[in-house]
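> In terms of the numbering used here, the first sequence is residues 868 to 1459.
Let me give you the structure first, and then I'll get to my questions.
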Amino acid sequence: MRGRIMRYSKLFGKTIKDTPKDAILVSHTLLYRAGFIRESTAGRYYLLPLGIRVHDKIKKITKEGMDKAGAQEVVTPILHPKYLWEETNRTSSVGFELMTIKDRNKFEFVLGGTAEEMLVDLVRKFQISYKDLPFNLYQFSSKFRDEMRTRGGLLRLREFVMKDAYSFHATEEEFKKEYQSMWEIYTRIFDRLGLKTIVVESDNGYIGGEYCHEFVVESEAGESKFFTTKDGSYAAHEEVAKFQRDQKNVGEAEKPVQEVEAVRGTTMEDGVKLHGLPLWQQIKDVLFVDEKGRFILAIIRGDYEVNEIKLMHLVKAYQLRHGTDEEIRQKINSEPGFISPVGIKEIIEKDVKLVVVADTSLRTIKNAYGGANKKHKDRLNMNIDRDYASDLEGDIALAKEGYLSLEGKPFFAKKGIEVGNIFQLGFHYSAKMHDANFVDEKGKAKPYYMGCYGIGLARTMATIVEVYHDDKGIVWPEAVAPFQVHLIHLGGVHSARLAGASAKRATSEVREIAEEVYKKLQEEGVEVLWDDRGNVSAGEKFADADLIGIPIRLVISSKTEEKIEWKERTKSESELLTPLQVLQRLSSRTED
RNA sequence: CGGGGUGUAGUUCAUCGGCAGAACGCACGGUUCGGGACCGUGAAGCAGGAGGUCCAAUUCCUCUCACCCCGACCA
């Protein structure tokens, strides 16, 4: 534990008045101005004494939560042997953000950005039996991610401390209990940190697995876009949100297909204008190419957009890019802006692998129109099953605000900061890595079922500031404040003299009394920052106290006579208390 | 990686071909003393880096690096 007390005159890291020009977000500005952080290079920050105190408290609360949930703390090396990442083939799938380093023997390491392989490697060093399972191992360690772009001070870093946990189970049922337990513990941890989180269904990204949830704090500063219903019964990230397709003209009789001249541009609007038909009746065709070079034609109702994440999952691809105009012409033998699923398999080049993926929305329309795989030719009255078919059919549509959830409730779009997440990993890692097994009751080796769980500490710290601040500065919740008490004494030879020496204290005495109070608070175990500067005006001390944002401000001056002024950062009024009352109040607060 | 922007004192910014400036901050002295007080003095800069044009470049041109913002990714 760090020292409980500090004199401001000795505190490394001063407050500043000017707003740094590069700071856009409140959290960045305030943490910088108040002397909690300084930047090293993009996405890498120094935590100053005030900053590390807050960081430590967040860590402590996180740790208490994890321990309470029965997880056990470990430490893994930051340099991961690269062969481990090769074992799961993640060197190629996440290569864009991995950083590598070689030792003097040219042995290659990866700077750890997440530690699934390391934990599996650790666990497989032991003979795990079903009797050992389940268990959950966690650590606090620096993570390195060579992010393409950093953002907003501490919100998105290239180097940060993360609490990451990895759980190992014999069965899926067993895992689900842990997942639920982590869900609850996370909610409680963030609650203690003063953050109200929304649990949002989201995409796994490069971590792998089948499902996961983000813990999001609603904020305009956030990067996560998600949808919720008014009652909160459903919350899902934009990438995965499921919604109802409304029925359009399903009752209409199927008309014969007709090929027509269509001298038009290549956009959806051009089609609407030319034929005078609604956008939803048009078929949207989007060509993608995956990492294996497969062509994927996504077809969807014209008023919807393709969700690439959903599409990737459906076709089991790792990466998608849009097909180029040349590819459309030379490989598919179609025409940009005029692609059609009708007869497309017959016209493509022989060496081309094409997967046609249809969104379920195509079942809500009849007699659709769209291109005819030739320039300036369109086709009218296309109907699924009769005129065209897909290799895969499913949900590949992007949700939007106002769409209805599967329960029929309208979506509201929200933005938030993702402070933590929980992942189902299943056999994703244990299947790929050798010997990632446990022995079951019958003595047979089986892969273990896994989950993982992360919380970013610095991001959480910034998020707290995003939520708790006012125009004067930070307003730390008590649980994470760098100190509990900000003690100020005000000099004033003059005012003391003017007020008459008998009842009032002289300046030198005020400082002595402050020092006594400071020592008394120390004895009582109160964390206190004493602004002991003698040459600074009252206004400056107050402004600094407001900026730093410690919950309780105690003022001693010639005006307070035998008492001490008590002011809470969250309130505008103050009151005069006797020293005894101050101590009583402080002790009652710490008991809460 | 694509698009946009910024690099001049610790910080925020002026100067925009002709001796490098201000405010805040910092140091020292003095006056103040309950909401960022005032006066004086002082220290602080190879104008991000390299190259070019010019009698002369912080200023114009080229390249490069760093940082910020918007997009594709994430704790």
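We put the CB at the ideal spot given by N, CA and C, even for glycine.
A quick note: this is a predicted structure, and the numbers were derived from the prediction, not measured.
From the DSSP output, which residues share a beta bridge with E931?
Residue mapping note: residue 931 aligns to position 64 of the first sequence, counting from 1. Per DSSP, none; premise fails for E931.
> Closest to Q1186 by CA distance: which of A936, E1045 and K1177 is it?
For the purposes of this step, residue 1186 is taken as the residue at position 319 of the first sequence. Per the Cα distances, K1177.
> Within 10 angstroms of its Cβ, does V1153 collect 16 or more other Cβ (buried), or is it exposed?
As a first step, residue 1153 must be located in the first sequence, where it is residue number 286. Classification of V1153: buried, given that the 10 Å Cβ count is 16 or more.
> How would you label L1127, buried or exposed, when you count the other beta carbons within 10 angstroms and need 16 or more for buried?
To locate residue 1127, count along the first sequence from 1; it is residue 260. It should be noted that the sequence gives Val, not Leu, for residue 1127. Label assigned to V1127: exposed.
> Can you tell me whether Q1114 is helix, strand or coil according to DSSP?
Working through the first sequence from its first residue, we reach residue 1114 at position 247. Note: Q1114 maps to coil in three-state DSSP.
> For the alpha helix (DSSP H) holding M1015, just list the boundary residues, first then last.
Stepping through the first sequence from its first residue, residue 1015 is reached at position 148. The continuous stretches of alpha helix (DSSP H) do not include M1015, and DSSP gives it neither H nor E.
> Might you give, ordered along the chain, the residues of its own chain that have their beta carbon closer than 8 Å to the beta carbon of K1244, omitting 5 neighbours on each side?
For the purposes of this step, residue 1244 is taken as residue 377 along the first sequence, with counting starting at 1. So the qualifying residues of the chain are E1126, V1127, E1128, A1129, F1205 and G1238.
> Do F1042 and Y1316 have their C-beta atoms within less than 8 Å of each other?
Working through the first sequence from its first residue, we reach residue 1042 at position 175. Working through the first sequence from its first residue, we reach residue 1316 at position 449. Yes, Cβ-Cβ distance for F1042 and Y1316 is below 8 Å.
> According to DSSP, I872 sits in a beta bridge with which residue or residues?
By 1-based counting over the first sequence, the position of residue 872 is 5. In DSSP, I872 forms a bridge with V1395.
> Quick check on the DSSP output: what are the complete beta strand (DSSP E) runs of length 3 or more inside the region 1148 to 1236, in order along the chain?
Fully enclosed beta strand (DSSP E) runs of no fewer than 3 residues occupy 1150 to 1157, 1162 to 1168, 1187 to 1189 and 1221 to 1226 of the region 1148 to 1236, in order along the chain.
> Within this structure, are the beta carbons of Y997 and F1305 separated by less than 8 Å?
Reading the first sequence from its first residue, position 130 is the one you call residue 997. Reading the first sequence from its first residue, position 438 is the one you call residue 1305. Yes, Cβ-Cβ distance for Y997 and F1305 is below 8 Å.
> Look at the alpha carbon of L978 and the alpha carbon of R1025, and state the distance between them as a whole number of angstroms.
Here residue 978 refers to the residue found at position 111 of the first sequence. Here residue 1025 refers to the residue found at position 158 of the first sequence. In a straight line, the C-alpha of L978 is about 11 Å away from that of R1025.
> Considering only residues of the same chain and omitting the five flanking positions on each side of G962, which have a CB-CB separation below 8 Å?
Indexing the first sequence from 1 puts residue 962 at position 95. For G962, the pLDDT reaches just 44, beneath the cut-off of 50, and the residue's location in the model is therefore unreliable, although a value from the coordinates is still provided. So no residue of the chain qualifies.
> Do you know how far the Cα of S1404 is from the Cα of V1066?
Against the first sequence, residue 1066 aligns to sequence position 199. Against the first sequence, residue 1404 aligns to sequence position 537. Cα to Cα, the separation comes out at about 47 Å.
> State yes or no: is the C-beta of T1133 within less than 8 Å of the C-beta of P1203?
Along the first sequence, one-based indexing puts residue 1133 at 266. Along the first sequence, one-based indexing puts residue 1203 at 336. For T1133 and P1203, yes; Cβs fall inside 8 Å.
> Does I1214 pass the burial test, meaning 16 or more other C-beta atoms within 10 Å, or should it be called exposed?
The residue labelled residue 1214 in the question sits at position 347 within the first sequence. Flag for I1214 reads exposed.
> Where does D973 sit, in a helix, a strand or coil, going by DSSP?
Your numbering for residue 973 matches position 106 in the first sequence. In the sequence as displayed, the identity of residue 973 is Lys instead of Asp. Of the three classes helix, strand and coil, the one that applies to K973 here is coil, per DSSP.
> Could you check where the alpha helix (DSSP H) with L1085 kicks off and where it finishes?
Locating residue 1085 in the first sequence gives position 218, counting from the first residue. The sequence shown places Glu at residue 1085, not Leu. That residue, E1085, is in no alpha helix (DSSP H); its beta strand (DSSP E) goes C1079 to E1085.
> Could you check the C-alpha separation between G1020 and I891 for me, to the nearest Å?
Counting from 1 along the first sequence, the entry for residue 1020 is found at position 153. Counting from 1 along the first sequence, the entry for residue 891 is found at position 24. Near 8 Å, if we compare the C-alpha coordinates of I891 and G1020.
> Assuming H1036 is part of the beta strand (DSSP E), what are its boundary residues?
In the first sequence, the residue the question calls residue 1036 occupies position 169. Its beta strand (DSSP E) spans residues E1026 to H1036.
> On the premise that K881 lies in contact with G1089, defined as a C-beta separation below 8 Å, what is that separation, rounded to the nearest angstrom?
Here residue 1089 is taken as the residue at index 222 of the first sequence, counted from 1. Here residue 881 is taken as the residue at index 14 of the first sequence, counted from 1. Going by Cβ atoms, the distance from G1089 to K881 rounds to 30 Å, so no, they are not a contact pair.
> In terms of alpha-carbon separation, which member of P1344, K1122, V1352 and K1267 lies closest to R871?
Taking the first residue of the first sequence as position 1, residue 871 is located at position 4. It is V1352 whose Cα lies nearest to the Cα of R871.
> Count the other CB atoms within 10 Å of the CB of P944; is the residue buried (16 or more) or exposed (fewer)?
As a first step, residue 944 must be located in the first sequence, where it is residue number 77. With fewer than 16 other Cβ atoms within 10 Å, it is exposed.
> I995 by DSSP, collapsed to three states: which one?
To locate residue 995, count along the first sequence from 1; it is residue 128. Coil.
> Hey, would you say E1216 sits closer than 8 Å to K1242, going by beta carbons?
On the first sequence, position 349 is the one that residue 1216 refers to. On the first sequence, position 375 is the one that residue 1242 refers to. No; because the gap between Cβ atoms is not below 8 Å, this pair is not in contact.
> Quick check on the DSSP output: the alpha helix (DSSP H) that includes A1325 runs from which residue to which?
The sequence position of residue 1325 within the first sequence is 458, counting from 1. Residues L1324 to V1334.
> Between I1532 and the rest of its own chain, which residues show a CB-CB distance below 8 Å, the 5 nearest in sequence each way excluded?
In the structure displayed, the chain extends from 868 to 1459; residue 1532 sits before or after that span and is not available.
> Within 10 angstroms of its Cβ, does D885 collect 16 or more other Cβ (buried), or is it exposed?
Within the first sequence, numbered from 1, the residue matching residue 885 stands at position 18. Per the 10 Å Cβ criterion, exposed.
> Relative to the alpha-carbon of K1122, which residue among R1012, A1235, A1037 and Q1149 has its alpha-carbon at the smallest distance?
Residue 1122 sits at position 255 when you count from the first residue of the first sequence. Of the candidates R1012, A1235, A1037 and Q1149, the one whose C-alpha sits nearest the C-alpha of K1122 is A1235.
> What's the C-alpha gap between D1398 and E1382?
Here residue 1398 refers to the residue found at position 531 when the first sequence is read from its first residue. Here residue 1382 refers to the residue found at position 515 when the first sequence is read from its first residue. Rounded to whole angstroms, D1398 to E1382 spans 10 Å at the Cα level.
> Could you check which residue in S894, F1002 and E954 has the C-alpha nearest to that of A1298?
Residue 1298 sits at position 431 when you count from the first residue of the first sequence. That would be E954, whose Cα lies nearest to the Cα of A1298.
> Less than 8 Å between the beta carbons of V1156 and G1190, yes or no?
The sequence position of residue 1156 within the first sequence is 289, counting from 1. The sequence position of residue 1190 within the first sequence is 323, counting from 1. Yes; because the gap between Cβ atoms is below 8 Å, this pair is in contact.
> Run through the DSSP bridge pairs and tell me what H1104 is partnered with.
Within the first sequence, the letter at position 237 stands for residue 1104. Bridge partners of H1104: F1093.
> Name the DSSP beta bridge partners of V1306, please?
Locating residue 1306 in the first sequence gives position 439, where the first residue counts as 1. In the DSSP output, where bridge partners are listed per residue, V1306 has S996 and A1312.
> Taking the straight line between their C-alpha atoms, what separation do you get for L1271 and G1099?
Working through the first sequence from its first residue, we reach residue 1271 at position 404. Working through the first sequence from its first residue, we reach residue 1099 at position 232. Going from the Cα of L1271 to the Cα of G1099 covers about 13 Å.
> Using DSSP bridges, identify the partner residues of T967.
Indexing the first sequence from 1 puts residue 967 at position 100. Looking at the DSSP output, T967 bridges to V977.
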